[in-house]
Amino acid sequence: MLSIKNLTVNVNDKQILKGINLEIKPGEIHAIMGPNGSGKSTLSHILSGKAGYTVTGGSVSYQGKDLLEMAPEIRAREGVFLAFQYPVEIPGVSNIYLLKAALNSIRKHHGQSEVDAMDFLTLVKDKVRLLEMDEKFLYRAVNEGFSGGEKKRNEILQMAILEPKLCILDETDSGLDIDALKVVAEGVNSLRAADRSFVMVTHYQRLLDYIKPDFVHVLAHGQIVKSGGAELALELEEKGYSWVEDSKAAV
Amino acid sequence: MTTAIASRYTAEYSTIAPTLPGQNLAWLTALRQQALTKFSAQGFPSLREEEWRYTNVSAIEKKLFSPSLIGQAQDIVPTDLLASYQLPDAWSVVLIDGHYCAELSVLEGLPATVTVMSIADALAQQPEIVERYINQAVNNDEHSLVAFNTAWFTDGLFVHVPAKVILEKPVQVLHVSTQGDLLASTRTVIVAEDMADIKVIETFVGLDIAYLSAAVTEVFVGLNADVTLYKMQCESDKAYHFCGIYVKQAKDARFTHHNFAFGALLARCDIHTDLDLASECELNGLYLGVNRQHIDNHTRINHLKPHGISRELYKGVLDDRARGVFQGRVIVAEDAQKTDSQMNNRNLLLSNDAEADTKPQLEIYADDVKCAHGVTVGQLDEKSIFYLQSRCVDEETARNMLTFAFANEMVDKIKIKSLHDQALEQVLIRFPQAGINKEWL
Numbered sequence: 288m289l290s291i292k293n294l295t296v297n298v299n300d301k302q303i304l305k306g307i308n309l310e311i312k313p314g315e316i317h318a319i320m321g322p323n324g325s326g327k328s329t330l331s332h333i334l335s336g337k338a339g340y341t342v343t344g345g346s347v348s349y350q351g352k353d354l355l356e357m358a359p360e361i362r363a364r365e366g367v368f369l370a371f372q373y374p375v376e377i378p379g380v381s382n383i384y385l386l387k388a389a390l391n392s393i394r395k396h397h398g399q400s401e402v403d404a405m406d407f408l409t410l411v412k413d414k415v416r417l418l419e420m421d422e423k424f425l426y427r428a429v430n431e432g433f434s435g436g437e438k439k440r441n442e443i444l445q446m447a448i449l450e451p452k453l454c455i456l457d458e459t460d461s462g463l464d465i466d467a468l469k470v471v472a473e474g475v476n477s478l479r480a481a482d483r484s485f486v487m488v489t490h491y492q493r494l495l496d497y498i499k500p501d502f503v504h505v506l507a508h509g510q511i512v513k514s515g516g517a518e519l520a521l522e523l524e525e526k527g528y529s530w531v532e533d534s535k536a537a538v
Numbered sequence: 002m003t004t005a006i007a008s009r010y011t012a013e014y015s016t017i018a019p020t021l022p023g024q025n026l027a028w029l030t031a032l033r034q035q036a037l038t039k040f041s042a043q044g045f046p047s048l049r050e051e052e053w054r055y056t057n058v059s060a061i062e063k064k065l066f067s068p069s070l071i072g073q074a075q076d077i078v079p080t081d082l083l084a085s086y087q088l089p090d091a092w093s094v095v096l097i098d099g100h101y102c103a104e105l106s107v108l109e110g111l112p113a114t115v116t117v118m119s120i121a122d123a124l125a126q127q128p129e130i131v132e133r134y135i136n137q138a139v140n141n142d143e144h145s146l147v148a149f150n151t152a153w154f155t156d157g158l159f160v161h162v163p164a165k166v167i168l169e170k171p172v173q174v175l176h177v178s179t180q181g182d183l184l185a186s187t188r189t190v191i192v193a194e195d196m197a198d199i200k201v202i203e204t205f206v207g208l209d210i211a212y213l214s215a216a217v218t219e220v221f222v223g224l225n226a227d228v229t230l231y232k233m234q235c236e237s238d239k240a241y242h243f244c245g246i247y248v249k250q251a252k253d254a255r256f257t258h259h260n261f262a263f264g265a266l267l268a269r270c271d272i273h274t275d276l277d278l279a280s281e282c283e284l285n286g287l288y289l290g291v292n293r294q295h296i297d298n299h300t301r302i303n304h305l306k307p308h309g310i311s312r313e314l315y316k317g318v319l320d321d322r323a324r325g326v327f328q329g330r331v332i333v334a335e336d337a338q339k340t341d342s343q344m345n346n347r348n349l350l351l352s353n354d355a356e357a358d359t360k361p362q363l364e365i366y367a368d369d370v371k372c373a374h375g376v377t378v379g380q381l382d383e384k385s386i387f388y389l390q391s392r393c394v395d396e397e398t399a400r401n402m403l404t405f406a407f408a409n410e411m412v413d414k415i416k417i418k419s420l421h422d423q424a425l426e427q428v429l430i431r432f433p434q435a436g437i438n439k440e441w442l
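Written as structure tokens, this is what we have:
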């Protein structure tokens, strides 16, 4: 699915990622944890194609293709989805409009015709129920005036409708109360599939109580300093990030 | 210099005056005469006046726009314009070249207690009530175009809604200009008595020629009454457009204005409202400038008494060499404690040659108030573009979508379906629509 090899990335001539290696197979859930400033968000941004980063070395291959060569919208149409840490408010564009535009872009990209209006509405309403959202949300402007929890839920709603292959969740648990977290986690869990992979970038271990990862990687100072199973997250919570940061220094 | 050229207008006045409505009314003749004297002394506004420093009207002085006189045949009935702009779900009063046209107006079913008629008819049939209101929300101390309008107006609209009457359908006044070098000077007076509720739409359109519209509207909102006024300025892109809207709000009165400035080569609109105790006003505006259009909006919100609320949002999208001007003043009198006021002006520049001049002014003489203002002039937000790209939308479509959305936020405030669709159409035809799917909106 995704193969990151020795990736190095600069922002304003400062090296942020210092040689990342990561293999993600279809169906796997990987959690990337780390303290603030470790490069977590840079990694999710570089995968989704945000401007402002310079790749200085290494490669990222997605389904056998060079991901870094693709424009952000092409990555999205090919099945890469970034759930934003801070979803953007877009007054004047309704949620339903954006969903339709996005879904039809994907279909066009794959040589399919536009989605039938009735089928689309049925699909969307199904997913709205799944995320325990009010249907009225669909006709409101994208994220405008939404609470933090509503914005995150809206990200997962988009993900559920667009059915991506690689889902990158950037700090999805920050700003969520426990009820909203459970709904979001259920939404994500319902999307788990043999051909769909997840990368969860998170500062907090709490999210992993609800979405169980197959692998946990700890990012510190721009490198993955430790990898393990779900139990690593618990160990981290117990011992704190200084534990892995220090162990890295000892190497 | 200014006065000398404007004197071409004043010199012509004596031939026009006998044709103007209300000749038999001494008070009106006196009012017009005062206005003429004021205009003769001042001429058209000049760049030296603070309120006009961004807007040069000398082009109007170089030409001579003359009113169409009663009895002059209208060769062309602008059926296309009527078909596009006359609202099906409203009572409508059609003014062609500054004169009421009964055949094209639709007033059937209007409640008997409500008056909707041309102001010329009102001056003939019920001059006492017109006299009570005309020139009471505005006076000749305003800039000279108000005096110009008072002296020159050939017709207009008079609306009177008695106390507690709620008009179910909106009233549209459709100003249509069909003659080159025409001056269409019209006066509108809208009176909503206590607890009345009315919605009025002022639409300005014209054939693809140069003409001058000069309209003044006075609105009186009674105790706890509610008036919503929409302005759709879709003039020909060769036209000059001036419009002043002057509002007096009584205690607890609500006034909402939606100002859409789409057309005209040069357009200037003034909106002034006086708020009494606990009255509320909402001023919304959208101006879209392309090519060399110059669009100037001036607002003045005058909080005279305590507990007033005002909300103002003006948005501009400027492309090519277009120029947008916004001057917004909020005045809070010493007595107007607990005033709550917010003013915002946001401009989107789509070209390096486009220009936005914005000047919000707060004048606060009370000490216990909540007043805020904000101004932005800029390009599209890169974060929003990336967000849309990450949702499969290509960059060009994302830019178009955001430009459209910026304007559409104001269109979406329109509560009348047919008018909403009209405004939406105006936005869509003015800006690149690649990637915007109308059917999905």
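Chains as they are written, first to last, in my numbering: chain L, 288 to 538; chain R, 2 to 442.
Built from N, CA and C at the ideal position, the CB exists for glycine as well.
Bear in mind the structure is a predicted one, so any value in this text is a computation, not a measurement.
- Contact with chain L is found for Lys384 (chain R), since one of that chain's Cβ atoms lies less than 8 Å from the residue's Cβ.
- Chain R places no beta carbon closer than 8 Å to that of Tyr497 (chain L), leaving this residue out of the contacts.
- Residue contact with chain R for Ser400 (chain L): absent (no Cβ-Cβ distance below 8 Å to any residue of chain R).
- Under DSSP, Leu230 (chain R) forms a beta bridge with R:Val201, R:His258.
- By the neighbour-count definition (other C-beta atoms within 10 Å, threshold 16), Ala357 (chain R) is a buried residue.
- No residue range can be given for Arg293 (chain R), since it is assigned to no beta strand (DSSP E) and is classified by DSSP as neither H nor E.
- Listed along chain R are Tyr388, Ser391, each with a C-beta nearer than 9 Å to that of Phe371 (chain L).
- In this structure, Asp320 (chain R) and Gly290 (chain R) form a Cβ contact; the two beta carbons are roughly 7 Å apart against a cut-off of 8 Å.
- Counting only runs of 3 or more residues that sit fully inside the stretch 306-382 of chain R, the beta strand (DSSP E) segments are 310-319, 324-333, 341-350, 356-365, 371-379, in chain order.
- Counting C-beta pairs closer than 8 Å gives three or more between the stretch 385-397 of chain R and the stretch 373-392 of chain L, which meets the contact rule.
- For a Cβ distance threshold of 7 Å, residue set Ser391 of chain R lies close to Ser335 (chain L), ordered along the chain.
- For a Cβ distance threshold of 8 Å, nothing in chain R lies close to Ser434 (chain L): the least Cβ distance comes to about 18 Å.
- Following the DSSP letters along the chain, one finds Pro378 (chain L) inside the beta strand (DSSP E) bounded by residues 377-381.
- In this chain, the alpha helix (DSSP H) harbouring Asp122 (chain R) covers 120-126.
- Contact between the stretch 345-358 of chain L and the stretch 362-377 of chain R is not established, with fewer than three Cβ pairs separated by less than 8 Å.
- Against chain L, the CB of Asn409 (chain R) has a partner CB under 8 Å away; the residue lies at that interface.
- Within the stretch 396-427 of chain R, contact with chain L at the beta-carbon level (separation under 9 Å) is assigned to Glu396, Thr398, Ala399, Met402, Leu403, Phe405, Ala406, Phe407, Ala408, Asn409, Glu410, Met411, Val412, Asp413.
- The beta carbons of Thr155 (chain R) and Leu21 (chain R) sit closer together than 8 Å.
- Under the three-state reduction of DSSP, Val342 (chain L) is assigned to strand.
- From the beta-carbon of Val394 (chain R), the residues of chain L found nearer than 7 Å are Glu360, Ala388, Ala389, Ser392.
- In chain order, Tyr384 make up the part of chain L whose C-beta sits under 7 Å from the C-beta of Leu442 (chain R).
- Taking 8 Å as the cut-off, the Cβ atoms of Gly223 (chain R) and Ala262 (chain R) do not count as close.
- In this structure, the CA atom of Val318 (chain R) is about 11 Å from the CA atom of Val326 (chain R).
- A Cβ-Cβ distance of about 4 Å is found for the pair His308 (chain R) and Ala279 (chain R), placing them in contact under the 8 Å criterion.
- Counting only residues of its own chain and dropping the five nearest sequence neighbours on each side, Met402 (chain R) has a CB closer than 8 Å to the CB of Leu389, Val394, Gly436, Ile437.
- In the DSSP assignment, the residues bridged to Cys244 (chain R) are R:Ala216, R:Cys270.
- If you ignore the 5 residues before and after Val147 (chain R), its C-beta comes within less than 7 Å of the C-beta of Val139, Asn141, Val217, Gly245, all in its own chain and listed in chain order.
- The beta carbons of Gly336 (chain L) and Arg362 (chain L) sit about 5 Å from each other, so the pair counts as a contact at 8 Å.
- One alpha carbon belongs to Gln445 (chain L), the other to Ile393 (chain L), and they sit about 13 Å apart.
- Leaving aside the five residues that flank Leu349 (chain R) on each side, the residues in its chain whose CB is nearer than 8 Å to its CB run, in chain order, Lys316, Gly317, Val318, Leu319, Gly379, Gln380, Leu381, Thr404, Phe407.
- Remark: C-beta atoms of Gln87 (chain R) and Cys235 (chain R) do not approach each other more closely than 8 Å.
- In this structure, Trp28 (chain R) sits near Glu132 (chain R), with a CB-CB distance shorter than 8 Å.
- Apart from sequence neighbours up to five positions away, the residues of its chain that approach Leu354 (chain L) with a beta-carbon distance below 6 Å are Val347, ordered along the chain.
- In the DSSP assignment, Thr187 (chain R) falls within the unbroken beta strand (DSSP E) covering 183-193.
- Shown here, Phe368 (chain L) sits in a strand according to DSSP, grouped into three states.
- The continuous beta strand (DSSP E) containing Ser178 (chain R) extends over residues 172-178.
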